[in-house]
Amino acid sequence: MPPALEITDLRKQYPTGTEALKGVSLTIQPGEFFGLLGPNGAGKSTLIHCTTGLAQPTGGEIAIFGHDAVHNYRDARIAVGLAPQELNLDWFLTAAETLDYHGAYFGMPKRDRKERVDELLETFSLTEKAGDRTRTLSGGMKRRLILARAVMHRPKLLILDEPTAGVDVELRLELWHYVQKVNAEGTTILLTTHYLEEAEQLCNQIAFINHGEIVAQGTSTELSSRYGVDSLEDAYLALVGREELSRAHIAEGEEEGAA
Ligand code: ADP
Numbered sequence: 004m005p006p007a008l009e010i011t012d013l014r015k016q017y018p019t020g021t022e023a024l025k026g027v028s029l030t031i032q033p034g035e036f037f038g039l040l041g042p043n044g045a046g047k048s049t050l051i052h053c054t055t056g057l058a059q060p061t062g063g064e065i066a067i068f069g070h071d072a073v074h075n076y077r078d079a080r081i082a083v084g085l086a087p088q089e090l091n092l093d094w095f096l097t098a099a100e101t102l103d104y105h106g107a108y109f110g111m112p113k114r115d116r117k118e119r120v121d122e123l124l125e126t127f128s129l130t131e132k133a134g135d136r137t138r139t140l141s142g143g144m145k146r147r148l149i150l151a152r153a154v155m156h157r158p159k160l161l162i163l164d165e166p167t168a169g170v171d172v173e174l175r176l177e178l179w180h181y182v183q184k185v186n187a188e189g190t191t192i193l194l195t196t197h198y199l200e201e202a203e204q205l206c207n208q209i210a211f212i213n214h215g216e217i218v219a220q221g222t223s224t225e226l227s228s229r230y231g232v233d234s235l236e237d238a239y240l241a242l243v244g245r246e247e248l249s250r251a252h253i254a255e256g257e258e259e260g261a262a
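Take the sequence shown: its letter number 239 is residue 242 in the numbering used here, and every next letter is one higher.
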């Protein structure tokens with residue numbers, strides 16, 4: 004089987020002159036749970052936008068399960084489900100319509116759509132809200148609906164762009180639980196997050212991106228040992244050059260102060 008996602012020498016320069024991606028290469032194997040971590044402005048969203056056809060790369064190649072994402076856009080697109088960072092729901096549709104329209108867009112037959120909509124509303128505890136317009140849903144419900152929409156057409160590659168930004172602890176754990184289940188069932192996942200604990204918990208491969216370049220990749224343990232530290236958080240702080248913020252470092256300082 005070809006890789007779920009294969010990005011080769013990807014470059015993106017915006018018309019403003021900003022070089023958001025400076026030759027990024029990465030490979031995600033089928034079934035992996037891959038985390039992309041990096042500070043604000045590192046190029047994470049640009050990479051996702053190029054992969055999902057929302058931005059046009061200025062150079063390089065992107066293949067999704069062997070389909071060229073730029074030139075063979077349709078086949079590539081159908082293999083991908085995207086849960087974007089922003090709550091981009093159509094406020095005039097109901098929760099059920101949101102899922103049904105998405106399925107129809109991806110060519111799912113009507114009866115399959117109906118079953119899938121019911122199943123997903125149930126999974127995400129939205130059955131009672133099926134007929135409610137999305138604008139009337141709570142923030143947590145909107146977040147869950149966005150994830151349900153992303154998986155509606157059963158994509159083989161699920162891209163989650165900061166899915167738990169600003170959600171409460173219960174919902175974060177619920178979302179983790181669900182994406183782990185989807186991954187265990189065979190869906191490949193690309194996750195961007197600012198929560199290192201989240202990456203540590205979920206991802207079996209992690210890449211650090213900074214200033215439009217991949218600077219390190221491996222498991223959480225490999226990354227820690229690569230930076231000569233004990234945790235993914237400290238490896239991340241080494242990456243962004245802010246080692247002085249390390250909790251271990253601060254604790255040491257406190258002990259010395261107390262002595
Ligand atoms: P991240 O998602 O890691 O925060 P982005 O991909 O959003 O990073 O941004 C990478 C760089 O590209 C930043 O310098 C950002 O300001 C710039 N950028 C992002 N989108 C645009 C755009 N539409 N036009 C111009 N510059 C952009």
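We treat Cβ as the ideally placed atom computed from N, Cα and C, and that holds for glycine.
Distance cut-off 7 Å: residue i Cβ against heavy atoms of ligand 1
i	result
THR49	yes
ALA254	no
THR137	no
ALA86	no
ASN43	yes
GLY270	Absent from the structure is residue 270, since the part of the chain shown begins at 4 and ends at 262.
TYR17	yes
ALA23	yes
GLY46	yes
Close beta carbons around residue i, own chain, < 7 Å, minus the five adjacent residues each side
i	result
ARG138	TRP94
ILE31	PRO6, ALA7, LEU8, PHE37, THR191 and LEU193
VAL232	ALA238 and ALA241
GLU125	none
Closest residue to residue i among the options (Cα-Cα distance)
i	options	result
LYS145	ALA168, LEU160 and LEU161	ALA168
PHE109	VAL154, GLY142 and ARG147	VAL154
GLY20	LEU29, THR61, GLY41 and SER48	THR61
HIS197	GLY34, PRO18 and LEU40	LEU40
ARG157	LEU129, GLU177, ARG119 and ASP164	ARG119
GLU223	ALA202, VAL243, VAL185 and THR49	Rather than Glu, the amino acid found at residue 223 in this sequence is Ser. Measuring from the Cα of SER223, the nearest candidate turns out to be ALA202.
LEU161	LYS132, LEU176, ILE149 and MET111	ILE149
LEU29	ARG250, VAL218 and HIS252	VAL218
Beta-carbon proximity list for residue i, same chain, < 6 Å, skipping 5 on both sides
i	result
GLY63	THR11, ASP12, LEU13 and ARG14
TYR181	none
Beta-carbon proximity list for residue i, same chain, < 8 Å, skipping 5 on both sides
i	result
ASP71	GLU64, ILE65 and ALA79
GLU3	Outside the modelled stretch of the chain, which goes from 4 to 262, sits residue 3, for which no answer is possible.
Anticipated Cβ contact below 8 Å, residue i with residue j, distance rounded
i	j	result
PHE127	ARG152	Incorrect: roughly 10 Å between the Cβ atoms, too far for contact.
For this session: With a floor of 4 residues, list each alpha helix (DSSP H) that falls wholly inside the segment 105–189, ordered by position along the chain.
Result: 113–126, 142–154 and 172–187
Exercise. Curious, which full-length beta strand (DSSP E) runs of at least 3 residues does the segment 205–238 contain?
Worked result: 208–213 and 216–221, all fully within the segment 205–238.
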